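Following: one structure in structure tokens, then a few remarks.
There are 2 protein chains.
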Amino acid sequence: VADVITSPRNDTIRAVARLATVKGRRATGHILIEGPNLFEAAVKAGLVFDTVLATQLDRTTQQRAATAGIEVTTVTDEVLAAASDVVNPRSPVASAERPAPVAVPPRNIVVLHGVADPGNAGTIIRTAAAFGWAVASTPDSVDLWSPKTLRAGAGYHFTVPIAAIDDIASLAATHTVLATVPRGGGVTFATDRPVALLVGSEAHGLPASAVAAADALLTIPMPGDVESLGVAVAAGIALHMVTNAT
Amino acid sequence: VADVITSPRNDTIRAVARLATVKGRRATGHILIEGPNLFEAAVKAGLVFDTVLATQLDRTTQQRAATAGIEVTTVTDEVLAAASDVVNPRSPVASAERPAPVAVPPRNIVVLHGVADPGNAGTIIRTAAAFGWAVASTPDSVDLWSPKTLRAGAGYHFTVPIAAIDDIASLAATHTVLATVPRGGGVTFATDRPVALLVGSEAHGLPASAVAAADALLTIPMPGDVESLGVAVAAGIALHMVTNAT
Numbered sequence: 011v012a013d014v015i016t017s018p019r020n021d022t023i024r025a026v027a028r029l030a031t032v033k034g035r036r037a038t039g040h041i042l043i044e045g046p047n048l049f050e051a052a053v054k055a056g057l058v059f060d061t062v063l064a065t066q067l068d069r070t071t072q073q074r075a076a077t078a079g080i081e082v083t084t085v086t087d088e089v090l091a092a093a094s095d096v097v098n099p100r101s102p103v104a105s106a107e108r109p110a111p112v113a114v115p116p117r118n119i120v121v122l123h124g125v126a127d128p129g130n131a132g133t134i135i136r137t138a139a140a141f142g143w144a145v146a147s148t149p150d151s152v153d154l155w156s157p158k159t160l161r162a163g164a165g166y167h168f169t170v171p172i173a174a175i176d177d178i179a180s181l182a183a184t185h186t187v188l189a190t191v192p193r194g195g196g197v198t199f200a201t202d203r204p205v206a207l208l209v210g211s212e213a214h215g216l217p218a219s220a221v222a223a224a225d226a227l228l229t230i231p232m233p234g235d236v237e238s239l240g241v242a243v244a245a246g247i248a249l250h251m252v253t254n255a256t
Numbered sequence: 011v012a013d014v015i016t017s018p019r020n021d022t023i024r025a026v027a028r029l030a031t032v033k034g035r036r037a038t039g040h041i042l043i044e045g046p047n048l049f050e051a052a053v054k055a056g057l058v059f060d061t062v063l064a065t066q067l068d069r070t071t072q073q074r075a076a077t078a079g080i081e082v083t084t085v086t087d088e089v090l091a092a093a094s095d096v097v098n099p100r101s102p103v104a105s106a107e108r109p110a111p112v113a114v115p116p117r118n119i120v121v122l123h124g125v126a127d128p129g130n131a132g133t134i135i136r137t138a139a140a141f142g143w144a145v146a147s148t149p150d151s152v153d154l155w156s157p158k159t160l161r162a163g164a165g166y167h168f169t170v171p172i173a174a175i176d177d178i179a180s181l182a183a184t185h186t187v188l189a190t191v192p193r194g195g196g197v198t199f200a201t202d203r204p205v206a207l208l209v210g211s212e213a214h215g216l217p218a219s220a221v222a223a224a225d226a227l228l229t230i231p232m233p234g235d236v237e238s239l240g241v242a243v244a245a246g247i248a249l250h251m252v253t254n255a256t
């Protein structure tokens, strides 16, 4: 018989709630998985769960967890909300071990170099999945494992290879490094190596040092206002341009 | 000497705050303009302001308002927050007349046909600006003039022609209607007319009737999981494909 937690001040609930913060995730190596879709994706990917909380009515989740041998703790709506990042969470709200970063793989990879918005970061991970790319981020980018980024990633965090790199210089040995710039770059280029595509911050784009270090520059041709694309859309178009270049 | 409002329950403040809701905007024909960047874009576009609230304005914004003959009402932080859609608003928070919808122009146009997320809708407007397209939406799409959509639109609501259409059938007389579909469409097509590109809902894509009525179907080639692109990214890639097709 599963436990039932009825107090939002229970230690287990507090521990899960702390995973909404960068500090909480760094201290534990765990991440917050919220809602049936992310939970399904995480279970399929074999994540190791620590705590899975659900209200009583959620049969699909109970069955999915049972099949995977994951224990579910029944909680009240109030407790579920206390554990969650959102006001009206859907079951389950869970704590799982964060997947270990992979080494930079010998394939096309999009590199978040200063991306600050969690929604943009998650959207880029989702786009990378669609085009069969890997993802890397530098320390000046937003944490890729926040609840907001996981939501925007739509479950693809668990299928896309995600690397953490200290410095983009390390990419030069294995990849053709391509910097996305608002003007002055090309639309096609020839390479027989995988591409590392650098995308920068919402406010400032890529740092000049990253542009200078790149093997080539990519610019999306825009007849309208040239500074008006959001970084997630720009990354999407750039991945398409590189992937589907003829 | 400008008025000073210190009570969040002041009628003017309540009237501005109501513009965060669809109901409030429909009842008045006004929209909520928040923060210096949207305010600058709206002033440049010649919007007619009803109320402009600010705690403190940088000189540029003061001059901008004065030059445009716009009166600014000084308020407390508490009052500004009461008028605003966000918890910590930046000045100014303003009410302005919503720009009138334009007739569908004889140029490329992206048609939001069921887009539900305000952030996606605003991002698509921003992308349309970058590629020099117009925007239209059908009644089943989210209101394009909510504070969230305006934020994601980054000021381009005021430069992009925005039409409202009851039915996509009306486009056939003037445009080549192109439906974005996850599979089965082409990547190139020939037309000597402007394109009306239909994009659908986050959950369900385009309705079958819209796909059936289209002149041609567009599919973004994706080596990865074919159902994994967000609608704002998919629209961005599709606008690029149509605009920059060789």
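Chains as they are written, first to last, in this note's numbering: chain A, 11 to 256; chain B, 11 to 256. For glycine and all other residues, C-beta sits at the position ideal for the given N, C-alpha and C. Note that the coordinates shown come from a computational prediction; the quantities given were computed from them, not determined experimentally.
Inter-residue spacing [alpha-carbon to alpha-carbon] between V205(B) and D225(B): 10 angstroms
What does the alpha-carbon distance come out to for the pair V97(B) and T198(B)? 46 angstroms
CA-to-CA distance, S94(A) to H185(B), given in whole angstroms: 47 angstroms
Rounded to whole angstroms, what is the Cα-Cα separation between I172(B) and V112(B)? 6 angstroms
Please list the terminal residues of the continuous beta strand (DSSP E) segment that includes T137(A). T137(A) -> not in any beta strand (DSSP E); alpha helix (DSSP H) instead, spanning P128 to F141.
Tell me which residues share the same chain as V53(B) and place their Cβ nearer than 6 angstroms to its Cβ, disregarding the 5 neighbours each side in the sequence. R74 and A78
Alpha carbon of P115(A) to alpha carbon of A146(A), nearest angstrom: 10 angstroms
Going along chain B, which residues have a C-beta under 7 angstroms from N254(A)? P231
Are any of the Cβ atoms in chain A nearer than 9 angstroms to that of G34(B)? no
Apart from the five residues just before and just after A164(A), which ones in its own chain have a Cβ nearer than 6 angstroms to its Cβ? R136
Per the contact definition of three or more C-beta pairs closer than 8 angstroms, is the stretch 97-111 of chain A in contact with the stretch 206-216 of chain A? no
Can you grab the Cα-Cα spacing for the pair S238(B) / I175(A), in whole Å? 25 angstroms
Rounded C-alpha distance that separates E88(A) from D21(A): 15 angstroms
Quick one: what's got a C-beta closer than 8 angstroms to K158(B)'s C-beta in the same chain, skipping five residues either side? D95, P128, G129 and G132
Where H167(B) falls: helix, strand or coil (DSSP): helix
Please classify E44(A) as buried or exposed, where buried requires at least 16 other C-beta atoms within 10 Å of its C-beta. buried
Any beta carbon from chain B within less than 9 angstroms of V205(A)'s own beta carbon? no
Starting from the beta carbon of A140(B), find every residue of chain A whose beta carbon is closer than 7 angstroms, and list them in chain order. M232, G234, D235, S238 and L239
Which residues share a DSSP beta bridge with H40(A)? E107(A)
Rounding to the nearest angstrom, what Cα-Cα distance links V252(B) and V152(B) in this structure? 25 angstroms
Could you pull out every residue in the same chain whose Cβ sits closer than 8 angstroms to the Cβ of T268(B), ignoring the five residues on either side in sequence? With chain B covering only 11 through 256, there is no way to say anything about residue 268(B).
According to DSSP, T83(A) sits in a beta bridge with which residue or residues? L63(A)
Backbone CA spacing between V221(B) and V58(A) [nearest angstrom]: 42 angstroms
Can you check whether the CB of T38(A) is closer than 9 angstroms to the CB of L48(A)? no
T31(A) CB to nearest chain B CB: under 9 angstroms? no
Say whether chain B places a C-beta atom closer than 9 angstroms to the C-beta of V243(A). yes
Quick check: is the beta carbon of I247(B) nearer than 9 angstroms to any beta carbon in chain A? yes
Can you give me the Cβ contacts of T86(A) inside the same chain, cut-off strictly under 6 angstroms, excluding the 5 residues immediately before and after it? T16
So that I know if they touch, is there some Cβ in chain A lying closer than 9 angstroms to that of V53(B)? no
Reducing DSSP to helix, strand and coil, say where V11(B) ends up. Note that V11(B) scores a pLDDT of 45, beneath 50, so its modelled location is shaky; the value from the coordinates is reported in the next line. In this structure, V11(B) counts as coil in the three-state DSSP scheme.
Please list, in chain order, the chain A residues whose beta carbon lies closer than 7 angstroms to that of T137(B). L239 and V243
Rounded straight-line distance, which links the Cα of V26(B) to that of I230(A): 39 angstroms
When you compare the CB positions of L207(A) and I119(A), do they come within less than 9 angstroms of one another, or not? yes
Go to T22(A), then tell me how far its alpha helix (DSSP H) extends in each direction, as first and last residue. D21 to A27
For the beta strand (DSSP E) containing L208(A), list its first residue and its last residue. V205 to V209
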